[in-house]
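The opening position of the sequence shown corresponds to residue -12 in the numbering used here, with each subsequent residue numbered one higher.
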Amino acid sequence: MPKPVDLSTPASRREALRMVDVGDPRPHHAMLRKIFDLERIWREGPDHGASDEYEQIYLTAFLLFLIGDPADSRRLYAAKFRTGDMDLGIGFDAQAIFGAGRDETLRWLSENGHADEHAHLSDWLSHAEDPTIEDWVQHVREYYYAPDGVLLLDAL
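See below:
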């Protein structure tokens, strides 16, 4: 179990993200959920960053996708479709919501009383999946990580 780390600032969250092994982010699942939530609060609040902090929510979403817990789908859905932040609403890739797989994600939403999310994502999958989830995963991994798994984001 990873030890607690400082997540109070965008810079400290970025450094925490460096600790996560892209090959197996599962040991950091709880921390990644916390980082994601803090990044969303920060983005939707009055203190928007003036630098590359904007990347962190997308990176964290990617790592949550890799973990593949369908319970994260609602958190990721809200960041894409229930945000007041225009950049987040446009820039957040809906593919990140489907880490558990298309069917498992939709089943989890349906079985857990999230009919609106289920209906909206079912429609999205039938009309707007561009790029495919499989292509998206490869592209995002190559964008954020070197082939040896080193995070490419500079320190803040």
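Yeah, the Cβ is synthetic: ideal placement off N, Cα and C, and Gly gets one too.
Fill in: Backbone secondary structure at L138 - three-state DSSP
Here L138 sits in strand by DSSP.
Worksheet entry | Whole-angstrom distance between V9 and G136, CA atom to CA atom | Taking the CA atoms as reference points, G136 sits about 6 Å from V9.
Discussion item. Which residues does DSSP list as the beta-bridge partners of Y132?
Written reply: For Y132, which the question treats as bridged, DSSP gives the partners L138.
Worksheet entry | Cβ-Cβ distance between R61 and H101 below 8 Å | It is a contact, given that the beta carbons lie within the stated cut-off.
Worksheet item: Using 8 Å as the threshold, is the region -4 to 11 in touch with the region 44 to 59, meaning 3 or more CB pairs across them?
Response: Counting Cβ pairs under 8 Å, three or more are found: they touch.
Discussion item. Output needed for V127: all residues of its chain with C-beta closer than 7 Å, excluding positions within five of it in sequence on either side, in chain order.
Written reply: In its chain, beyond the 5 residues on either side, F49 have a beta carbon closer than 7 Å to the beta carbon of V127.
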